[in-house]
Amino acid sequence: MFPVETISAKMLDYYVGRQDAVIIDLRDAEEYEKSHVREAVNIPYEQFENARTLPEGKVLVLYCERGGASLKAAKTAAKKGYMTRSVIGGFAAYRGRNLVISGKS
């Protein structure tokens, strides 16, 4: 089992574009469509535990709106053997350069 590591919202930019990581937005589809981190995959929190498409051998970088749900999801995934990172403060804390708003980059 892998431990859950928490990272700052600033660290999200470090993971964008990396081949060894997948950024997962746990917010609902409507929130994701309004704005998200570039390259993030949307898997709403309610669907995350049953998601069958989580990639093996990659770091799962999880964020939600404020950080609580991503920490729970990261713990669940870690118990299944995934390497996880949970973003402290969630999307609300993100001020990085990889923000996508309303489908624009």
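Residue numbers (this note's numbering): 14 to 118. Beta carbons are placed, not taken as given, at the ideal position from N, Cα and C, and that holds for glycine. This one's a predicted model, so the numbers in the text were calculated from it and none came from an experiment.
Check: Report the three-state DSSP secondary structure of Tyr76 (helix, strand or coil).; Outcome: strand
Check: Can you check DSSP and say which residues form a bridge with Glu18?; Outcome: Arg98
Check: Among Gly30, Asp26, Arg51 and Leu39, whose alpha-carbon lies nearest the alpha-carbon of Ser115?; Outcome: Arg51
Check: Once the 5 residues before and after Arg79 are set aside, which same chain residues still bring their CB inside 7 Å of it?; Outcome: Gly102, Gly103 and Ala105
Check: For Pro57 versus Asp41, is the C-beta distance shorter than 8 Å?; Outcome: yes
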